[in-house]
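Beneath this line is the structure, given in structure tokens, with notes to follow.
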Amino acid sequence: MISMIAAAVLTPACAWSERGAMRIEGDEEVRRPILKSKVFLYVTEFFSGMAVMAAELGAQRLLAPYFSSSQIVWTIIIGTIMIALALGAVFGGRWADRDPDPDRLYMRVLVAAVWIALVPLVGKYVVLLISGALIVSVSTNFLVIAAFISCMVIFVPPLFLLGTVTPALNKFATTSLADNASVVGRLSACNAVGSILGTFLPTFVTIPAVGTFVTFLVFSGLLLALPVVYFLSAHAHRVACAVCAVLFSVSALCSPMTGFAFWMNRDTLAYEGESMYNYLQVQNLPDRTILSTNVLFGVQSVTMKSDEPTGMYYDVALAAPALATRADSALILGMGTGTYARALRRYSPQTKVTGVEIDGRITQLAGEYFDEPGDIDVATYDGRAWLAASKERFDVIMVDAYQDITIPFQMSSREFFRLVYDHLTDGGVMVVNMNMISDGRGSINEALTDTIASVFGADDVVTADVPDTTNRELFALKRAGASSPSIERRIAAMRSGGAQLDHAVQQVDPVFRPVAVDGDPIVLTDDKAPVELLGMRAIDGIIAEQAGPYREILEREGIGGLLRAVQ
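Everything in the sequence shown is counted per the numbering used here, starting at 9 for the first residue and increasing by one.
The following block contains the structure:
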């Protein structure tokens with residue numbers, strides 16, 4: 009159906025008068041009275057700008073569960089959309105000069121609107137096909153390539169068509185060269201105001217309230233109304249309008265039933281929704297309840313339905329209060345649903361816990377699904393900003409704000425870790441979930457370790473790889489004084505002491521590793537912290553390891569063998 013409409017867009021049209029309000033077809037004059045006042049043209053520009061920005065923000069939310077919500081993905085989205093708009097402006101101007109027919113413009117808007125409306129229904133299938141094809145054929149920069157191609161296929165065509173709107177409207181709205189600059193200014197103002205609303209409304213209203221899918225439908229519906237009104241007022245292209253209305257209705261009815269992401273078992277899905285910051289899923293499993301956000305691997309939070317340990321990095325991080333001189337207070341930056349807080353309550357009940365979580369919706373879910381203790385103070389704030397405003401000091405500080413390659417650069421720099429150091433009591437311990445096990449020169453973990461060591465000192469930093477996961481925990485001690493023992497000496501003393509090692513340290517002790525900083529350390533700063541590019545290398549390694557067997561099957565047996573292997 010879309011191909012039929014697209015064909016109509018490219019069909020040669022008859023000549024239009026300079027006024028742009030009538031078309032000559034033989035001896036018959038067909039009027040477009042809706043364009044006479046020019047108001048409809050400015051309304052079109054307004055909603056076109058709004059739809060472009062809403063689609064851009066929706067693109068980020070659609071791609072985040074598959075490619076992360078990192079700055080890299082944002083850069084790809086913005087870059088490809090700007091390419092589409094630039095090409096649309098060039099071709100739109102040419103087409104308007106060659107054949108100034110408003111029917112062709114509004115047919116392009118019609119196609120763009122219904123294309124955007126279908127994104128919630130078919131977009132994730134396109135992402136899956138592209139990712140499946142690339143994961144067995146691309147060895148490096150998988151995220152960049154897959155996100156770029158997905159964005160090109162899904163979003164460039166409709167936004168290219170919307171890019172043709174402004175030059176065409178300028179053609180139709182200009183009556184003489186004397187007021188051409190004023191017309192361009194008014195059109196630009198309408199586009200800018202529409203773009204502002206298209207930026208703020210999805211972020212603060214529609215996505216948190218009704219989700220990304222409905223956001224696509226709301227703004228595509230507003231855009232779709234323009235060509236429908238235009239053509240129906242002229243009694244033209246009624247079939248095309250009806251077909252687009254049916255496609256819009258199908259997407260509106262079916263999209264909510266398809267789910268947002270593929271990997272979740274719908275039978276165990278207890279909650280699916282979105283906040284201002286994240287796409288969120290709560291899964292209710294027999295032994296645990298887990299929260300997944302827009303991440304590529306793993307889960308964000310978990311609560312066990314028994315007293316069993318989680319088997320995740322939270323268990324290893326429990327060594328922090330044992331390594332600290334005392335454990336009367338703890339701060340968790342990246343509280344999530346309170347997994348670490350609950351573990352501290354069981355292991356170290358005397359510890360007063362304070363949490364900071366930027367996503368208020370996650371804090372709400374913590375109370376609804378994860379039995380977070382109600383007496384824990386949780387601030388809805390950015391972790392670094394909270395530290396900068398606080399005067400409190402803590403015995404243990406847990407930094408748990410990293411997700412795959414989505415590492416906030418402001419929480420990975422030397423300046424940030426200096427802020428953490430200043431908020432630790434003497435003899436206090438910072439534990440950082442570095443999320444990915446990545447070694448070698450230029451790795452993300454080397455950069456983070458070197459940066460932390462530049463603040464705490466290499467002798468006071470140790471790491472521990474979490475068994476059977478991709479996580480690595482880092483422990484850093486703030487010494488009480490120059491003569492106080494380093495963290496390595498403290499661990500050695502606990503090993504050689506007459507009493508058995510503290511239980512938490514005993515579990516972690518076999519995987520403790522001292523930190524070695526070479527002569528040319530990589531220190532991240534607020535000015536220079538390319539954490540996402542460094543993290544992408546680690547993701548490439550994980551993908552290569554997981555996809556390696558399938559690549560061998562593809563080389564050996566071709567596509568048929570690969571399809572048999574994944575069945």
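Think of the CB as a built atom: it goes at the ideal place given N, C-alpha and C, for glycine as much as any other residue.
What whole-angstrom Cβ distance do residue i and residue j have, given they're in contact under 8 Å?
i: A59; j: I124; result: 7 Å
i: T223; j: G66; result: 6 Å
i: L195; j: E53; result: 5 Å
i: T214; j: R69; result: Not confirmed; about 11 Å, so no contact.
i: L232; j: V122; result: 7 Å
i: V201; j: L331; result: Rounded, the Cβ-Cβ distance is 56 Å, inconsistent with contact.
i: S259; j: L118; result: That pair is no contact at about 15 Å.
i: G229; j: P175; result: The pair is not a contact, with the Cβ atoms about 25 Å apart (cut-off 8 Å).
i: S494; j: D467; result: 4 Å
i: D473; j: V525; result: With 8 Å as the limit, D473 and V525 do not qualify as a contact, their Cβ atoms being about 18 Å apart.
Do you know whose CA, among the options, lies nearest residue i's CA?
i: S76; options: S259, T297, A155 and S398; result: A155
i: P216; options: F150, S241, Y287 and A186; result: Y287
i: A351; options: E316, T371 and Q372; result: E316
i: T301; options: A537, I153, L71 and L49; result: L71
i: T433; options: V463, E400, Y410 and K132; result: E400
i: I340; options: G382, G319 and V386; result: V386
i: R116; options: P165, A141, V127 and T211; result: P165
i: G342; options: C252, A374 and A242; result: A374
i: Y429; options: R102, Q514, A488 and L95; result: A488
i: G435; options: A327, V474, A484 and V519; result: A484
i: V226; options: Y238, P210 and S241; result: P210
i: D295; options: S314, I530 and Q308; result: S314
i: L395; options: Y410, Q418 and F378; result: Q418
i: F48; options: L234, L261 and S398; result: L234
i: P475; options: Q79, N443, M90 and A501; result: N443
i: L354; options: P329, A186, Q372 and T371; result: Checking the displayed sequence, the identity of residue 354 turns out to be Arg instead of Leu. Nearest C-alpha to R354: P329.
i: Q515; options: G319, A397 and Q372; result: G319
i: F378; options: F150, A242, E496 and L299; result: L299
i: D534; options: H431, A104, P416 and L277; result: P416
i: N479; options: V307, V218 and G140; result: V307
i: D517; options: P529, E496 and D528; result: E496
i: K46; options: S203, M160, F150 and T183; result: T183
i: A120; options: N188, A92 and L427; result: A92
Given a cut-off of 7 Å, decide if residue j and residue i are closer than it, judged by their beta-carbon atoms.
i: T471; j: R422; result: no
i: G171; j: M61; result: no
i: I384; j: A349; result: yes
i: A325; j: V439; result: yes
i: S158; j: I143; result: no
i: Y74; j: V135; result: yes
i: F168; j: L95; result: yes
i: Q289; j: E282; result: no
i: G346; j: E380; result: yes
i: V128; j: S263; result: Strictly speaking, residue 128 in this sequence is Pro, with Val absent from that position. Taking 7 Å as the Cβ cut-off, P128 and S263 qualify as a contacting pair.
i: E481; j: Y321; result: yes
i: G425; j: V469; result: The question names Gly, yet the displayed sequence has Phe at residue 425. Contact flag unset, no.
i: V523; j: A461; result: yes
i: V237; j: S56; result: no
i: S420; j: A500; result: no
i: N642; j: D408; result: Residue 642 falls outside the range modelled here, since the chain spans only 9 to 575, and no answer is possible.
i: E540; j: I80; result: yes
i: A327; j: V513; result: yes
i: Y50; j: C252; result: no
i: I42; j: S241; result: yes
Next item on the list: Could you tell me which uninterrupted beta strand (DSSP E) segments, each at least 3 residues in length, are contained entirely in the region 318–347, listed from first to last along the chain?
Entry: 337–341
Worksheet item: Taking contact to mean at least 3 C-beta pairs separated by less than 8 Å, is the region 328–335 in contact with the region 350–361?
Response: yes
Would you call the region 75–95 and the region 246–265 touching, i.e. three or more CB-CB distances under 8 Å? no
For this session: Just list the beta strand (DSSP E) runs in the region 411–466, keeping only unbroken ones of 3 residues or longer that don't cross its boundaries, in chain order.
Result: 432–441
Report yes or no: do the region 104–118 and the region 168–187 share at least 3 C-beta pairs separated by less than 8 Å?
yes
- prompt: Is there contact between the region 362–374 and the region 384–392, where contact requires at least three CB pairs shorter than 8 Å?
  reply: yes
### Message
Ignoring anything shorter than 4 residues, give me the alpha helix (DSSP H) runs that lie fully in the region 55–129, in order along the chain.
### Response
79–106
Checklist line | Any beta strand (DSSP E) of 3 or more consecutive residues that is wholly inside the region 336–411 | finding: 337–341, 360–364, 385–387 and 402–407
Quick one: complete alpha helix (DSSP H) runs, 4+ long, within the region 156–209? 173–181 and 188–209
- Query: If you scan the region 273–311 from start to end, which runs of the beta strand (DSSP E) of 3 or more residues do you find wholly inside it?
  - Reply: 277–282, 287–292 and 296–300
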